[in-house]
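Chains as they are written, first to last, in the working numbering: chain A, 1 to 250; chain B, 1 to 70.
Even for Gly, the Cβ is constructed at its ideal location relative to N, Cα and C.
Data block below; observations after.
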Amino acid sequence: MPLTDEQIERYQRNIILKEIGAAGQEKLRSSKVLIVGVGGLGSPAALYLAAAGVGTIGLVDGDAVELSNLQRQVIHDTADVGRRKVESAQARMHALNPDVTVRTYDTWAQADSLGSIVREYDFVIDAVDNFATKFLINDVCCADRVPFCHAGILEFEGQLMTVLPGRTACYRCVFAAPPADPHGPIGVLGVLPGVIGALQATEAIKHLLALGDLLTDTLLSYHALTMQFRRLRVTCNPKCPACGCSHRPV
Amino acid sequence: METLKLNGVERQYASGQMPATLAALLADLGVDGSAVVAEVDGAIVPAAGFAETPVAAGQSIELIKFMGGG
Ligand SMILES: [Zn+2]
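Listed below in C-alpha cells is the structure:
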C-alpha cells in the first residue's frame, strides 16, 4: 500500500533522505520492533521509533509508573503515576503517532513466554533494568535468531552493542554470566538513558533499513562526565553456549 | 619502564613493579573484580580467570563494566 498524503507529510524529513525515501518509509511501516522494558532506555526508544513510523511496536513491562521513575522515564507523565507502564507508554505513542500499532504485554519477561513473543518481531531492544533479564533476552533472541540491541547503564555511564545471532558476538560472549544485582536502586543521571536509548532506536532503524554499520562485534561505551565514546571490538567466544557464532561460516 | 595499555590509556610501571596477574592489577586499581570482565589483547577473561591470568608489558587490557541498569 503506498503512503498516504498525510504520511508523506509526516515523514517528509525521513523520505527526503536518499538513503530512506518512500520505499524505506514503507519498510518501516511494515516492520515490527519489540521493546523489553519501558523505563529509562525504553522511553526514548519507544518515542523515537513511534515518531519514525515503525508500524508495529511491542512493549513488555510488568510494572506500574512510580514518581521516582519520572526523572528519566520521559514517556510517562506525572498523571500516569500508578498506571501500568505499557498502557501509559501506549497512550503517549498513539498521541504522538496514531499510525503506529502498539502491542502491550503487561508482564515480566520470562523464559517460558518471551520466545513466543520475540519470534513475532524483526528486532528487539533490551531496555530492562536487571542482569537476569538481560541474559534472558540474549539467550532467547540467540535461540530464535532475532537481531537485538543490548544496552545497560550505570551512574554516568552506558554501553550498547547490537547482536545478529549466529553471525556476531552476543552479550554472553562478552559477559559470560550475570553478576549479583545491586542491593537497592543505583544512581543514574536522568539524561543518560535518553542518550543510550536513542542510540538503540538508531540501531533498530539502521537494521530495518539495512543502513550503515551496526554496532556488531563492537561494544560502544559512553561516559557522560568525560563525554567520551569508545568503541571496543569484541569477538565471539567459541565456548559461548548461547549464540553458536563460533560455527558461522568464515 | 614497562607499559600496559589499560582501557586505551598507556600506564607505566617501574621495572618489576607491574602486577603479575589480572587479580593483582584490579586490586592495585581498587576495582571490584565481580563488577567487570577483562579483555586481554582481544580475548575475554571472566572474573573466574583473573587470579591465573598473567599480566605482561605490552598488553592491551580493557576492563568492561557490567551495567545492569535500564
Ligand atoms: Zn555468544
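At a cut-off of 7 Å, would you count residue i as near ligand 1, judging by its Cβ distance to the nearest heavy atom?
i: Cys149 of chain A; result: no
i: Arg167 of chain A; result: no
i: Ala143 of chain A; result: no
i: Arg172 of chain A; result: yes
i: Asn237 of chain A; result: yes
i: Ala22 of chain A; result: no
i: Ala242 of chain A; result: yes
Residue i touches chain B at which residues, Cβ-Cβ below 9 Å?
i: Gly158 of chain A; result: Met67 and Gly69
i: Phe123 of chain A; result: Going along chain B, no residue has its Cβ under 9 Å from Phe123 of chain A, so there is no contact; the nearest lies around 17 Å.
i: Asp129 of chain A; result: Gly68, Gly69 and Gly70
i: Val65 of chain A; result: Ordered by position in chain B, no residue passes the 9 Å Cβ test against Val65 of chain A, which lies about 15 Å from the chain.
i: Asp181 of chain A; result: Gly68
Along the chain, where does the alpha helix (DSSP H) that runs through residue i open and close?
i: Ile205 of chain A; result: Leu192 to Leu209
i: Tyr11 of chain A; result: Unbroken run through Tyr11 of chain A: none, as it is neither H nor E.
i: Ser88 of chain A; result: Lys85 to Leu96
i: Ser43 of chain A; result: Gly42 to Ala52
i: Gly24 of chain A; result: Gly21 to Arg29
i: Ala23 of chain B; result: Leu22 to Leu29
i: Ala111 of chain A; result: Ala111 to Val118
Can you tell me whether residue i is buried or exposed, with buried defined as 16 or more other CB within 10 angstroms of its CB?
i: Val9 of chain B; result: exposed
i: Gln12 of chain B; result: exposed
i: Pro98 of chain A; result: exposed
i: Val60 of chain A; result: buried
i: Gly158 of chain A; result: buried
i: Ala210 of chain A; result: exposed
i: Thr78 of chain A; result: exposed
i: Leu25 of chain B; result: buried
i: Gly39 of chain A; result: buried
i: Gln17 of chain B; result: exposed
i: Ile8 of chain A; result: exposed
i: Ser15 of chain B; result: exposed
i: Arg92 of chain A; result: buried
i: Thr226 of chain A; result: exposed
i: Ala238 of chain A; result: Strictly speaking, residue 238 of chain A in this sequence is Pro, with Ala absent from that position. When all chains shown are included, Pro238 of chain A counts as exposed.
i: Glu52 of chain B; result: exposed
i: Gln25 of chain A; result: buried
i: Gln73 of chain A; result: buried
i: Ile16 of chain A; result: exposed
i: Ala43 of chain B; result: exposed
i: Thr3 of chain B; result: exposed
i: Cys240 of chain A; result: buried
Interface residues of chain B around residue i at Cβ under 7 Å?
i: Thr235 of chain A; result: Gly42
i: Asp106 of chain A; result: Neighbours of Asp106 of chain A on chain B: none; closest Cβ ~17 Å, over 7 Å.
i: Ile186 of chain A; result: Gly69
i: His41 of chain A; result: The residue you asked about is not His; residue 41 of chain A is Leu in the sequence shown. The answer, in chain order, is Gly70.
Short of 6 Å in beta carbon distance, which residues of its chain neighbour residue i, apart from the five on each side in sequence? Order them along the chain.
i: Tyr171 of chain A; result: Asn138 and His150
i: Ala201 of chain A; result: Ala45, Tyr48 and Leu49
i: Gly212 of chain A; result: Lys206
i: Cys243 of chain A; result: Cys142, Pro165 and Cys170
Where does the unbroken beta strand (DSSP E) through residue i begin, and where does it stop?
i: Asp126 of chain A; result: Phe123 to Asp126
i: Phe148 of chain A; result: Phe148 to Leu154
i: Ile44 of chain B; result: Ala43 to Val45
i: Arg231 of chain A; result: Gln228 to Arg233
i: Leu63 of chain B; result: Ser60 to Lys65
i: Lys5 of chain B; result: Glu2 to Leu6
i: Leu214 of chain A; result: Where Leu214 of chain A is concerned, there is no enclosing beta strand (DSSP E), given that its DSSP letter is neither H nor E.
Residue i CB to nearest chain C CB: under 8 Å?
i: Val37 of chain B; result: The chain labelled as chain C is not found among the protein chains of the depicted structure, namely A and B.
Counting only Cβ pairs nearer than 8 Å, list the residues of chain B close to residue i.
i: Pro238 of chain A; result: Those do not exist, as Pro238 of chain A stays about 11 Å from chain B at its closest Cβ, beyond 8 Å.
i: Leu232 of chain A; result: Glu39, Glu62 and Ile64
In chain A, which residues lie less than 8 Å from residue i when you measure between Cβ atoms?
i: Ser60 of chain B; result: Within 8 Å Cβ-Cβ: nothing; Ser60 of chain B doesn't reach chain A, min ~11 Å.
i: Gly8 of chain B; result: Arg230
What residues of chain A sit near residue i, judged by a beta carbon separation below 9 Å?
i: Ser15 of chain B; result: Here the premise fails: no neighbours, minimum Cβ distance about 29 Å.
i: Pro76 of chain B; result: It is not possible to answer for residue 76 of chain B, since the shown part of chain B is limited to 1 through 70.
Between which residues of its own chain and residue i is the CB-CB distance below 7 Å, once the five residues before and five after are set aside?
i: Asp122 of chain A; result: Ser31, Lys32, Val33 and Leu208
i: Asp126 of chain A; result: Val36, Lys134, Ile137, Phe148, Cys149, His150 and Ala151
i: Val102 of chain A; result: Ile57, Leu59, Gln90, Met93 and His94
i: Arg84 of chain A; result: Ala64 and Asp106
i: Asp181 of chain A; result: Asn130 and Phe131
i: Ala22 of chain A; result: Leu3 and Ile15
i: Leu192 of chain A; result: Ile153, Phe156, Gly158 and Ala224
i: Pro19 of chain B; result: Leu25, Asp28 and Val55
For residue i, is the beta carbon positioned less than 7 Å from some heavy atom of ligand 3?
i: Ser30 of chain A; result: The model on display carries ligand 1 but not ligand 3.
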